[in-house]
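End of the sequence shown = 1579 in this note's numbering, gap-free, step of one.
Built from N, CA and C at the ideal position, the CB exists for glycine as well.
Since the structure comes first, as structure tokens, the remarks are kept for the end.
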Amino acid sequence: MLRALISFSIREPLIMFCITAVLIGFGWYSVREVPIDAIPNIGENQVIIFTAWPGRSPKDVEDQVTYPLSVSMLAVPDAESVRGKSLFGYSFVQVTFKDSTDFYWARSRVAEQLGTAAGLLPEGVVPTLGPDATGLGQVLYYVLEPPKGMNLAELRSLQDFVVKYELQAVPGVSEVASVGGYVRQYQIEVDPDKLRFHNIPLDQVIEAVRKSNIDVGAKTVESGGMEFIIRGRGFIGAGQNTAQAIGDIEQTVIRSKDGVPIRIRDLGRVQIGPEFRRGAIDLNGTEAVGGVVVMRFGENPRKVIDSVKAKMAQIEPSLKGVKFKLIYDRTGLINETITTLTDALTQEVIITAVVILLFLLHLRASIVVAVTLPVAVLMAFIAMNVFGIDANIMSLAGIAIAIGTMVDMGIVVSESIYDSLAEWETEGSPGGKAQRLKVIHDAATEVAPAVVTAVMTTVVSFFPVFMLTGRDYKLFAPLAWTKT
């Protein structure tokens, strides 16, 4: 096999040149397509179910939300474990699947099971799936720097209703989580004494407000040969006028007593205020508003980050003086990861060329060996693209380690050919060009089995890595694959 390959390479140099050129082209394409990240994704293959039940104690949440959902998720195929966590007003259920299970297939099975579990929950409680991302999906943190005169409530509204939607539309972004500031809301402060005076329970006030915030359709009416659409306008704040919206809420009728309507304004007052906060974001001692960009599962982190930055630059002029400030950007770690490989490759190429040039005093031999190293790295990226191996610090470390072995192979083969040619030339170069090619062939085939055997011993030493499972396998497998 080795003899045939060496013979073909020597006999058909043009074909080998074309094959090498094609491999270089595919290799460069693979370099651009392989997802590049700082570290391997060692997180579990899990789907998170989030449920909000405001105002309820952890005990109530556990008994009426977390437990029914957890029991229901046990029936999901390929689920290895189900873990629930109950907090004040919130429930989290984590469904962990086998590593071999497709991520989106797992999400679809959980979503299907939620349809059955929804009937077991209290009225008004709706569970939702978490973002289609992993634990390493948070690739970018930013804050909004406001102009003078803009308060935290206005800044948070800008983040929630403009910036968030624009960034979520970027390909590869799963979610943009808003943090900091004040979430504005309509607040109805009811006077308990007035409730007792009118004998109106608080639930009736809540129900009246809920029912008032809807539009009503009444089909059409034909008059004078024309058709008119009838619409009852009830949606609060339809005109985007805050004062009008407050007035609409105050005019909401709770009930009538002796023909006299009792309205919200008769029981209390309506105002715009901040939602109850349980946290804040601090930047250099000052409260701020920002967001966390979460990358979708399986996407290329570098491409997603670059696309988000481009979208930020596009929308920033329309934000009325608000500027983006990046707090965490994984691009720096990714670039350092790439630099690790490029530095190692550059140093190995230079050292190899210098060593061959000094000891053999043959320029072409040093150039040939030096060129094979980047070509071999490009071929490794082709395999990474085919087998779905991400480029990270572990996989690139495997390539960097393999470069040393490739250097040894190149030096050994080059020295063998050089010595054989030198001996042939001292004999007067009999046989001409044909004999020269035969000398090169014999020299290469003489050391090829030993070189391949030496390389295989290194490859075999990494086989135990493929026997690992769980996080250990996810961490070390990229290194073993690329080294092999």
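From what residue to what residue does the beta strand (DSSP E) around residue i run?
{"i": "glycine 1327", "result": "1321-1327"}
{"i": "valine 1177", "result": "1174-1182"}
{"i": "valine 1365", "result": "1363-1369"}
Output the distance between the C-alpha atoms of residue i and residue j, rounded to the nearest integer angstrom.
{"i": "glycine 1232", "j": "tyrosine 1513", "result": "53 angstroms"}
{"i": "proline 1130", "j": "tryptophan 1576", "result": "16 angstroms"}
{"i": "aspartate 1377", "j": "isoleucine 1422", "result": "11 angstroms"}
{"i": "valine 1268", "j": "proline 1163", "result": "31 angstroms"}
{"i": "valine 1166", "j": "threonine 1564", "result": "27 angstroms"}
{"i": "proline 1412", "j": "proline 1369", "result": "28 angstroms"}
{"i": "arginine 1202", "j": "lysine 1193", "result": "13 angstroms"}
{"i": "phenylalanine 1145", "j": "glycine 1342", "result": "35 angstroms"}
{"i": "arginine 1328", "j": "leucine 1247", "result": "32 angstroms"}
{"i": "phenylalanine 1558", "j": "valine 1470", "result": "25 angstroms"}
{"i": "aspartate 1288", "j": "aspartate 1298", "result": "15 angstroms"}
{"i": "aspartate 1173", "j": "leucine 1290", "result": "54 angstroms"}
{"i": "lysine 1243", "j": "glycine 1275", "result": "18 angstroms"}
{"i": "glycine 1214", "j": "serine 1176", "result": "23 angstroms"}
{"i": "arginine 1127", "j": "valine 1466", "result": "20 angstroms"}
{"i": "threonine 1435", "j": "arginine 1397", "result": "16 angstroms"}
{"i": "alanine 1313", "j": "arginine 1204", "result": "40 angstroms"}
{"i": "glutamate 1382", "j": "leucine 1250", "result": "11 angstroms"}
{"i": "alanine 1475", "j": "leucine 1440", "result": "13 angstroms"}
{"i": "methionine 1504", "j": "phenylalanine 1571", "result": "25 angstroms"}
{"i": "aspartate 1438", "j": "glutamate 1510", "result": "26 angstroms"}
{"i": "leucine 1109", "j": "valine 1117", "result": "12 angstroms"}
{"i": "valine 1547", "j": "glutamine 1530", "result": "26 angstroms"}
{"i": "lysine 1352", "j": "serine 1307", "result": "19 angstroms"}
Which residue marks the beginning of the alpha helix (DSSP H) containing residue i, and which one marks its end?
{"i": "glutamate 1302", "result": "1297-1307"}
{"i": "phenylalanine 1103", "result": "1097-1106"}
{"i": "phenylalanine 1292", "result": "1287-1293"}
{"i": "phenylalanine 1198", "result": "1198-1212"}
{"i": "proline 1573", "result": "1565-1578"}
{"i": "threonine 1191", "result": "Unbroken run through threonine 1191 is the beta strand (DSSP E), 1185-1192; no alpha helix (DSSP H)."}
{"i": "methionine 1474", "result": "1458-1482"}
{"i": "tyrosine 1260", "result": "1259-1263"}
Is the beta carbon of residue j closer than 8 angstroms to that of residue i?
{"i": "proline 1226", "j": "glutamate 1270", "result": "yes"}
{"i": "isoleucine 1324", "j": "threonine 1315", "result": "yes"}
{"i": "valine 1238", "j": "glycine 1374", "result": "no"}
{"i": "alanine 1539", "j": "isoleucine 1134", "result": "no"}
{"i": "glutamine 1208", "j": "valine 1171", "result": "yes"}
{"i": "threonine 1447", "j": "isoleucine 1535", "result": "no"}
{"i": "aspartate 1132", "j": "asparagine 1487", "result": "yes"}
{"i": "phenylalanine 1183", "j": "proline 1222", "result": "no"}
{"i": "valine 1278", "j": "isoleucine 1349", "result": "no"}
{"i": "threonine 1337", "j": "isoleucine 1295", "result": "no"}
{"i": "isoleucine 1105", "j": "leucine 1532", "result": "yes"}
{"i": "proline 1266", "j": "serine 1181", "result": "no"}
If contacts are defined as beta-carbon pairs under 8 angstroms, then residue i and residue j qualify, I think. What distance do you get, rounded to the angstrom?
{"i": "leucine 1235", "j": "valine 1417", "result": "Leucine 1235 to valine 1417, Cβ: 17 angstroms. No contact."}
{"i": "lysine 1578", "j": "glycine 1493", "result": "4 angstroms"}
{"i": "valine 1542", "j": "valine 1508", "result": "6 angstroms"}
{"i": "threonine 1553", "j": "leucine 1491", "result": "Going by Cβ atoms, the distance from threonine 1553 to leucine 1491 rounds to 18 angstroms, so no, they are not a contact pair."}
{"i": "glutamine 1263", "j": "valine 1190", "result": "The pair is not a contact, with the Cβ atoms about 24 angstroms apart (cut-off 8 angstroms)."}
{"i": "isoleucine 1359", "j": "threonine 1347", "result": "5 angstroms"}
{"i": "glutamate 1240", "j": "lysine 1420", "result": "5 angstroms"}
{"i": "isoleucine 1410", "j": "glutamate 1261", "result": "5 angstroms"}
{"i": "alanine 1228", "j": "phenylalanine 1392", "result": "6 angstroms"}
{"i": "phenylalanine 1121", "j": "isoleucine 1477", "result": "5 angstroms"}
{"i": "isoleucine 1143", "j": "phenylalanine 1187", "result": "6 angstroms"}
{"i": "arginine 1425", "j": "isoleucine 1400", "result": "6 angstroms"}
{"i": "leucine 1169", "j": "proline 1544", "result": "Actually they are not in contact, since the Cβ atoms of leucine 1169 and proline 1544 sit about 57 angstroms apart, beyond 8 angstroms."}
With burial defined as no fewer than 16 other Cβ atoms inside 10 Å of the residue's Cβ, what is the status of residue i: buried or exposed?
{"i": "glutamine 1442", "result": "exposed"}
{"i": "methionine 1479", "result": "buried"}
{"i": "phenylalanine 1292", "result": "exposed"}
{"i": "alanine 1517", "result": "exposed"}
{"i": "glutamine 1280", "result": "exposed"}
{"i": "serine 1318", "result": "exposed"}
{"i": "isoleucine 1484", "result": "buried"}
{"i": "asparagine 1395", "result": "buried"}
{"i": "proline 1573", "result": "buried"}
{"i": "glutamine 1254", "result": "buried"}
{"i": "alanine 1495", "result": "buried"}
{"i": "arginine 1305", "result": "exposed"}
{"i": "methionine 1501", "result": "buried"}
{"i": "glycine 1354", "result": "exposed"}
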